[in-house]
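Enquirer:
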Amino acid sequence: MKLSIEDIAFTYPGGVEALRGVSINIRSGEAVAIVGENGAGKTTLVKHINGLLKPARGRVVVGDWDTREHGVARMAARVGFVFQNPDDQIVERTVGDEVAFGPRQLGQSAPMALANATAALEMVELAAESGTHPYDLTAPQRKLVTLASVLAMHTPIVIFDEPTMGQDAHGVALIGNIIESLKADRRTVIIITHDIDFCAAHFERVIAMADGCVLADGPATRVLARADLLATTNVEPPQLVRLAQAIGLPAFPLTVEGFVTALLEHHSKDK
Amino acid sequence: MISLSDVTYHYPRSDSPALSNLSLEIPAGQFCAVIGANGSGKSTLCSALAGFVPHFYRGKLTGSVEVAGIDTAGSSLAELAGTVGLVFANPFNQITGARFTVREEVAFGLENLGVPLAEMEPRIDEVLAFVRLTDLADQSPYALSGGQQQRLAIASVLVMRPKILVLDEPTSQLDPIGSKEVFAVLRDLAATDEATVVLAEQKLEWVATFADRVLVLHKGKLVADGPPAEVLSSLTLTKYGLEPTRYTQAARAAQAAGWRTDETTLPVTLEQAVEFFR
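Right, dumping it as structure tokens:
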């Protein structure tokens, strides 16, 4: 499902100008990471995609739906959204009910919603916690519960706000695998992240934001290589790109294998 | 200075200990990072240093925890507040909800410590500039973005200049350069103000670059303790659910592919990696 954000602007009550004219087109099945400094407008931008916020100027069109003409509940059928803070999102008393809540709201029968919830909980390795109260889990586990809630809804577009926040190496790898499987399903995946190495490993397109505007939008290999530009929004290139640049390697490796290949190739040319 | 002697702790109704026979000393002026997988005991250790374990969480604590000569079990949280500052993992839990602006929120701790107004003002200005919230000083704490709220939580504790500073994943929502700046300031606080800094973290690149010492926790036990270059390049790291930096991974992969170097240790920082691949 295609998504078009057309010159939108938004100011919060109190006067903080969060978006000052943002235009982005995202094709069906694209994987897009949004990076940028705290307060750049990243979360405000994605809250416009599921209609939680309506633009003061410009418009957002999801498929053929203008978000100004559809309620959040209706938008939820097309756009799944995982909040930065899981506690802003959790409403039910057991993990199983929490994950089945979304599918039920979309009108699925109880057995169907349960089946979707169970499958989603298996993806985040929390199937054994189905009867647990969400607040008896740790914060990183609650984040995985909210991720499962969105996976269970099978929306064509999914948005994750800081999915790896607070996760350890295993959790980060788990979320990486989920993103890869969503990509394989040709679902549109949009994330906000400060984890630039994670971004480099899983996303082909990167949008850098600063001060309510898009600073750069393009292939990860190009955007994440621009140290000077990224620094203006408090972001650094991934570790391997910084290393390649520091040792004069003419490459922008986003994976360890890519780095080693580029290193050995460059070195054999020297001889 | 911090001293733990044979500390074991159980949360209420839990059969397995969250901390198990921990003994260690952290001298004043040291910047000590605590790493480990989720559930390894990092947050519990932070809570124990600030007295929240056992005063707030209850449960059963044996052994002794001393911070700056004070036995935590024998003193109240109010008594400890002037000595130990704790930055929570989740800034939403730290913000008092009792103040209307960012500036008032930062002042809250100083007011409780009875710092005179004339001294308060410049300290607040300085810390707000450091966390880059000067322009938002008159906004409500709840009007800030997630990362800005985390900056506010850090500012509220830094402004009190505690002798012992304990931070539980304080950079989880910060932008990348903002995270690095927090690490740099923690190193400076330890080095110049003789503060004892204990930081639970996942960002191993900055732990490697800035910390003096790294502790690895695994299932409540201390399983490694040493300088970052030694601990973070160890092959056992993955056994404890931790992923080495890309620098270490690249060095190991390059060696396996036949890369030759005079360096005998694997790099954990960018600077060391540049030496390794020179």
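Keeping their order, the protein sequence lines are chains A and B. Using this note's numbering, you'd call the opening residue of the first sequence number 121 and step up by one each time. Using this note's numbering, you'd call the opening residue of the second sequence number 4 and step up by one each time. Here a beta-carbon is modelled for each residue, glycine too, at the ideal position from N, C-alpha and C. Quick caveat, the model's predicted, so the values are computed rather than measured.
Using the beta-carbon of each residue, which ones in chain C are nearer than 8 Å to asparagine 205 of chain A?
Expert: Reference to chain C is not applicable here, since the protein chains of this structure are A and B.
Enquirer: Among the candidates B/Met4, B/Thr241, B/Ile38, B/Leu113, whose CA atom is the shortest distance from the CA of arginine 164 of chain B?
Expert: The shortest Cα separation from arginine 164 of chain B among B/Met4, B/Thr241, B/Ile38, B/Leu113 belongs to B/Leu113.
Enquirer: When DSSP builds the beta bridges, which residues end up paired with glycine 178 of chain A?
Expert: Partner(s): none; glycine 178 of chain A has no beta bridge.
Enquirer: Do valine 265 of chain A and proline 223 of chain A have their beta-carbon atoms positioned less than 8 Å apart in this structure?
Expert: No, they are not a contact pair.
Enquirer: Since tyrosine 250 of chain B meets chain A, which of its residues come closer than 8 Å, beta carbon to beta carbon?
Expert: By Cβ distance, chain A contributes Gln359, Leu363.
Enquirer: Taking Cβ-Cβ distances below 7 Å as the criterion, which residues of the segment 179-198 of chain B are in contact with chain A?
Expert: Listed by position along the chain: Pro179, Ile180, Gly181.
Enquirer: Can you give the Cα-Cα distance for leucine 131 of chain B and aspartate 208 of chain A, rounded to whole angstroms?
Expert: Approximately 27 Å, taken between the alpha carbons.
Enquirer: Our contact map puts leucine 240 of chain B next to valine 37 of chain B with C-beta atoms below 8 Å; I'd like the distance itself, whole angstroms only.
Expert: 14 Å between Cβ atoms; not a contact.
Enquirer: Am I right that glycine 62 of chain B and proline 15 of chain B are in contact with their C-beta atoms under 8 Å? What's the rounded C-beta distance?
Expert: Indeed they touch by this definition, with Cβ atoms about 5 Å apart.
Enquirer: Is the segment 188-200 of chain A touching the segment 230-241 of chain A, taking contact as three or more C-beta pairs under 8 Å?
Expert: In short, these stretches do not touch, since the Cβ pair count stays below three.
Enquirer: Considering only their Cβ atoms, is the gap separating leucine 52 of chain B from proline 219 of chain B smaller than 8 Å?
Expert: The question names proline, but residue 219 of chain B is valine in the sequence shown. The answer is no: Cβ separation not under 8 Å.
Enquirer: Taking the beta strand (DSSP E) that alanine 227 of chain B belongs to, which residues open and close that run?
Expert: Element bounds for alanine 227 of chain B: 224-229.
Enquirer: Given this structure, state the Cα-to-Cα distance separating serine 236 of chain B from arginine 198 of chain A, to the nearest angstrom.
Expert: Cα to Cα, the separation comes out at about 45 Å.
Enquirer: Taking only beta-carbon positions, decide if glutamine 142 of chain B is within less than 8 Å of chain A.
Expert: Output row for glutamine 142 of chain B: interface = yes.
Enquirer: With DSSP run on the structure shown, which of helix, strand or coil describes arginine 190 of chain B?
Expert: Note: arginine 190 of chain B maps to helix in three-state DSSP.
Enquirer: Starting from the beta carbon of alanine 260 of chain B, find every residue of chain A whose beta carbon is closer than 8 Å, and list them in chain order.
Expert: Near alanine 260 of chain B (Cβ distances below 8 Å), the residues of chain A are Val380, Leu384.
Enquirer: Report the residue ranges of all alpha helix (DSSP H) runs contained in full by the segment 294-350 of chain A; include only those spanning at least 4 residues, in chain order.
Expert: For the segment 294-350 of chain A, whole alpha helix (DSSP H) runs of length 4 or above, ordered along the chain, are 316-322, 340-343.
Enquirer: In chain A, which residues lie with their C-beta within 8 Å of the C-beta of valine 277 of chain B?
Expert: Within 8 Å Cβ-Cβ: Leu363, Ala366, Ile367.
Enquirer: Is it true that the segment 157-166 of chain A meets the segment 265-276 of chain A, where meeting means three or more beta-carbon pairs spaced less than 8 Å apart?
Expert: No, the segment 157-166 of chain A is not in contact with the segment 265-276 of chain A.
Enquirer: When we look at the beta-carbon of valine 211 of chain A and count the other beta-carbons within 10 Å, is it buried (16 or more) or exposed?
Expert: The residue in question, valine 211 of chain A, is exposed, as its Cβ has fewer than 16 Cβ neighbours within 10 Å.
Enquirer: Quick check on glutamate 208 of chain B - is its C-beta less than 8 Å from some C-beta in chain A?
Expert: At least one chain A Cβ lies under 8 Å of glutamate 208 of chain B.
Enquirer: Relative to the alpha-carbon of tyrosine 145 of chain B, which residue among B/Lys183, B/Glu108, B/Arg135 has its alpha-carbon at the smallest distance?
Expert: If we check each option's Cα against that of tyrosine 145 of chain B, B/Glu108 comes out closest.
Enquirer: Starting from glycine 338 of chain A, find everything on chain B with Cβ-Cβ shorter than 8 Å and list it in chain order.
Expert: Residues of chain B passing the Cβ test: none, with the nearest at roughly 19 Å.
Enquirer: For glutamine 261 of chain A, I'd like the list of residues in its chain whose CB is within less than 8 Å of its CB, leaving aside the five on either flank, ordered along the chain.
Expert: Counting only Cβ-Cβ distances below 8 Å, and skipping sequence neighbours, we find Leu246, Glu249.
Enquirer: Report the three-state DSSP secondary structure of tyrosine 255 of chain A (helix, strand or coil).
Expert: In this structure, tyrosine 255 of chain A counts as helix in the three-state DSSP scheme.
Enquirer: Assuming glycine 171 of chain A and methionine 195 of chain A are in contact, meaning their beta carbons sit under 8 Å apart, how far apart are those beta carbons, in whole angstroms?
Expert: Correct: roughly 4 Å between the Cβ atoms.
Enquirer: Listed from N- to C-terminal order along the chain, which residues in the segment 253-270 of chain A have their beta-carbon within a distance smaller than 7 Å of any beta-carbon of chain B?
Expert: Going along the segment 253-270 of chain A in chain order, one finds Thr258, Ala259, Pro260 with a Cβ nearer than 7 Å to chain B.
Enquirer: Chain B beta carbons: is any one of them nearer than 8 Å to that of isoleucine 316 of chain A?
Expert: Closer than 8 Å: yes.
Enquirer: Residues of the segment 149-165 of chain A with a CB closer than 9 Å to any CB of chain B: list them in chain order, please.
Expert: The residues in question are Val155, Gly156, Glu157, Asn158, Gly159, Ala160, Gly161, Lys162, Thr163, Thr164.
Enquirer: From this set, A/Lys167, A/Arg140, A/Ser143, which residue's C-alpha is nearest isoleucine 311 of chain A's C-alpha?
Expert: Closest by alpha carbon: A/Lys167.
Enquirer: Could you please give me the residues that DSSP links to lysine 63 of chain B through a beta bridge?
Expert: Answer is B/His13.
Enquirer: Which same chain residues end up closer than 6 Å to arginine 306 of chain A when comparing Cβ atoms and leaving out the 5 residues on each side of it in sequence?
Expert: Only Gly149 meet the Cβ criterion.
Enquirer: Run down chain B in chain order and give the residues with a C-beta less than 8 Å from the C-beta of histidine 168 of chain A.
Expert: Near histidine 168 of chain A there are no residues of chain B at all, since even the closest Cβ is about 15 Å away, more than 8 Å.
Enquirer: Kindly list the residues whose CB is nearer than 8 Å to the CB of leucine 177 of chain B, restricted to its own chain and excluding five residues on each side of it in sequence; keep chain order.
Expert: Closer than 8 Å at the Cβ level, and outside the excluded window around leucine 177 of chain B, lie Gly150, Gln153, Arg154, Val185.
Enquirer: Is the segment 278-291 of chain A close to the segment 311-322 of chain A, with three or more CB pairs under 8 Å?
Expert: They touch, by the three-pair rule.
Enquirer: Among B/Leu269, B/Val90, B/Arg135, B/Asn41, which residue has its Cα nearest to the Cα of valine 105 of chain B?
Expert: Checked all of B/Leu269, B/Val90, B/Arg135, B/Asn41; the closest Cα to valine 105 of chain B is B/Arg135.
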